[in-house]
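*Asks:*
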Amino acid sequence: MKSFKTLGVCDELIQALQKQGIKEPTPIQEQSIPVVFKGNDVIAKAQTGTGKTLAFLLPILQRVHTDVHQEQVLIIAPTRELIKQIADEAKEIGAILNVDILPLIGGKTIEAQLQQLGRRPQVILGTPGRLLDHAKRGSLHLDCIRRVVLDEADQMLHMGFLPDIESLISQTDSNRQLLLFSATIPDKIRNLAKAYMSKPVSVTAEGKHVTLESIDQR
649 MKSFKTLGVC DELIQALQKQ GIKEPTPIQE QSIPVVFKGN DVIAKAQTGT GKTLAFLLPI
709 LQRVHTDVHQ EQVLIIAPTR ELIKQIADEA KEIGAILNVD ILPLIGGKTI EAQLQQLGRR
769 PQVILGTPGR LLDHAKRGSL HLDCIRRVVL DEADQMLHMG FLPDIESLIS QTDSNRQLLL
829 FSATIPDKIR NLAKAYMSKP VSVTAEGKHV TLESIDQR
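Heads up: the sequence shown begins at 649 in the numbering used here, then just goes up one per residue.
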């Protein structure tokens, strides 16, 4: 079992994790975190409850340039409940690293969100529809985004969000890093990965066992 330190997680975050009773990484974290730090695109097959949220949040937030005040990370998930859950974890980490995090979900007026976007938060979270709305308004600057996370990608596919997701990804920096987390990997998700990823690493977490492999892009 590797430690968070050997995976590259900074001491400040390790101390914060220990205070929450998290002392060692789960299999999905152990395999995903170093790959994300390297800048690889990732396809991770992982169920809820495997620790997948920290598997992308820890390396993604640690790599944010805190001296650059513009959008750098886009996290897309299917529901406002999941966005809120991820945002709560992200804000705890962000407070330690001095990273500005903004969830865009329903329940807040567009006007309030426009004002918040004006400060150019480094990490934006949202459902596809709300993110696309802000992108069309010009209030969300997607061309600066260097890292994109799709969480519960299969659920977004089932909910009909695939065209919105493709529209969002295509407007981000062409050299972006794309991380895809999904309980299942249906053909349409594989096709999405082929279209927008470069030599992705595939990680599968099934219970306590994780397999790691490179996917040849043809």
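A virtual CB, placed ideally from N, CA and C, is assigned to each residue, including glycine.
In chain order, what residues of the same chain lie with their CB nearer than 7 Å to the CB of Gly-687, ignoring the 5 residues before and after it?
*Replies:* Gln-825, listed in sequence order.
*Asks:* Could you pull out every unbroken beta strand (DSSP E) segment of at least 3 residues lying fully inside the segment 777-801, listed in chain order?
*Replies:* Within the segment 777-801, the complete beta strand (DSSP E) runs of at least 3 residues are 795-799.
*Asks:* With DSSP as the reference, label Val-771 as helix, strand or coil.
*Replies:* Looking at Val-771 - three-state DSSP - the assignment turns out to be strand.
*Asks:* For Glu-678, collect the residues of the same chain with a Cβ closer than 6 Å to its Cβ; drop the 5 residues on either side in sequence, then sort them by chain order.
*Replies:* Excluding positions up to five away in sequence, the list reads Lys-650.
*Asks:* Within this structure, are the beta carbons of Ile-753 and Arg-728 separated by less than 7 Å?
*Replies:* Contact flag set, yes.
*Asks:* Can you name the residues that DSSP bridges to Phe-829?
*Replies:* Phe-829 pairs with Ala-692, Asp-799.
*Asks:* Going along the chain, which residues of its own chain have a beta-carbon closer than 6 Å to the beta-carbon of Val-851, five neighbours each way excluded?
*Replies:* Result list for Val-851: Gln-679, Ser-680, Ala-692, Leu-860, in chain order.
*Asks:* One question on the structure: do Leu-798 and Leu-828 come within less than 7 Å of each other, judged by their Cβ atoms?
*Replies:* Cβ distance < 7 Å, so Leu-798 and Leu-828 count as in contact.
*Asks:* Taking Ile-817 as part of the alpha helix (DSSP H), name the residues at either end of that continuous run.
*Replies:* Unbroken alpha helix (DSSP H) run through Ile-817: 810-818.
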